[in-house]
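Colleague: One structure, pasted below without further comment.
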Amino acid sequence: MTINRIASTLFASTLLLGMASASAPAFSASASPVVSISGVDHAGINVPDIGKAIAFFQTTFGAQLESDITPGAIPDAWKAAFNWHQSSELKRFVMMRLPDGTGVELFQYSGEQINHQHPHEDDAAATHIALRTPDVLSSYQAIKKAGLKTLNEPVTNADGTQWFYFLTPWGSQIELVGKVKKGN
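When you line the sequence shown up against full-length UniProt numbering, it's residues 1 to 184, in that order.
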């Protein structure tokens with residue numbers, strides 16, 4: 001089975017699951033949402049070396065450093081509320097701003113209980129960030145040229161959406177997604 005066939009099957013399955021869940025809402029059949037939102041402000045990513053992660057986002061995506069905070073000691077009550085290990089310390093966190101205004105918040109923790117092993121991407125709570133690009137094929141070539149590991153070649157869905165995944169130097173998955181350019 002080709003990657004395009006697998007992607008099409010996964011896409012169709014997702015649509016079917018979405019339609020099934022639409023017929024049985026999780027919270028209420030109310031027409032009004034619980035909370036009104038206006039968009040995504042930022043995504044947060046834990047990294048092992050924040051300096052290298054800052055350089056990666058600046059070099060790869062043209063991100064700008066917006067804020068840089070070294071918080072000091074974190075109270076135990078805060079650690080409990082956010083489900084942090086007791087030995088954990090937040091060494092530093094920064095907010096990066098991508099050219100389109102999207103924020104990427106980077107966190108670096110230290111502590112003897114921290115798990116430095118990435119979850120498998122099919123594990124609960126595993127995440128990725130998807131960024132829009134105007135030209136998926138050119139972006140794919142640029143990512144390969146930069147020496148980053150790509151996980152798949154660009155896939156084109158029936159609706160013209162193209163996408164591929166790659167790994168950051170520390171192992172987080174990023175998806176680049178866009179619409180097929182006319183003539184491709």
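The C-beta atom is built at its ideal place from N, Cα and C for all residues, glycine as well.
Quick one: which unbroken beta strand (DSSP E) runs of 3-plus residues sit fully inside the UniProt domain "VOC" (39-179)? Chain order, please.
Modeller: Correct list: 42-46, 64-69, 89-97, 103-110, 128-132, 161-167, 173-179.
Colleague: Do the CB positions of F166 and L148 come within less than 8 Å of each other?
Modeller: Cβ distance < 8 Å, so F166 and L148 count as in contact.
Colleague: Out of A31, I37, H42, V180, which has the shortest C-alpha to C-alpha gap to P99?
Modeller: Of the candidates A31, I37, H42, V180, the one whose C-alpha sits nearest the C-alpha of P99 is H42.
Colleague: Using alpha carbons as the reference points, say which of N46, L65, T127 lies closest to residue 186.
Modeller: What is shown of the chain runs 1 to 184, which leaves residue 186 out entirely.
Colleague: Give the C-beta separation of E121 and Q173 to the nearest angstrom, bearing in mind that I take them to be a contact with Cβ-Cβ under 8 Å.
Modeller: E121 to Q173, Cβ: 6 Å. Contact.
Colleague: With 16 other CB atoms within 10 Å as the buried threshold, where does F57 fall?
Modeller: Buried is the call here.
Colleague: Can you tell me the Cα-Cα spacing of K179 and F61, whole angstroms?
Modeller: Cα-Cα distance, rounded: 19 Å.
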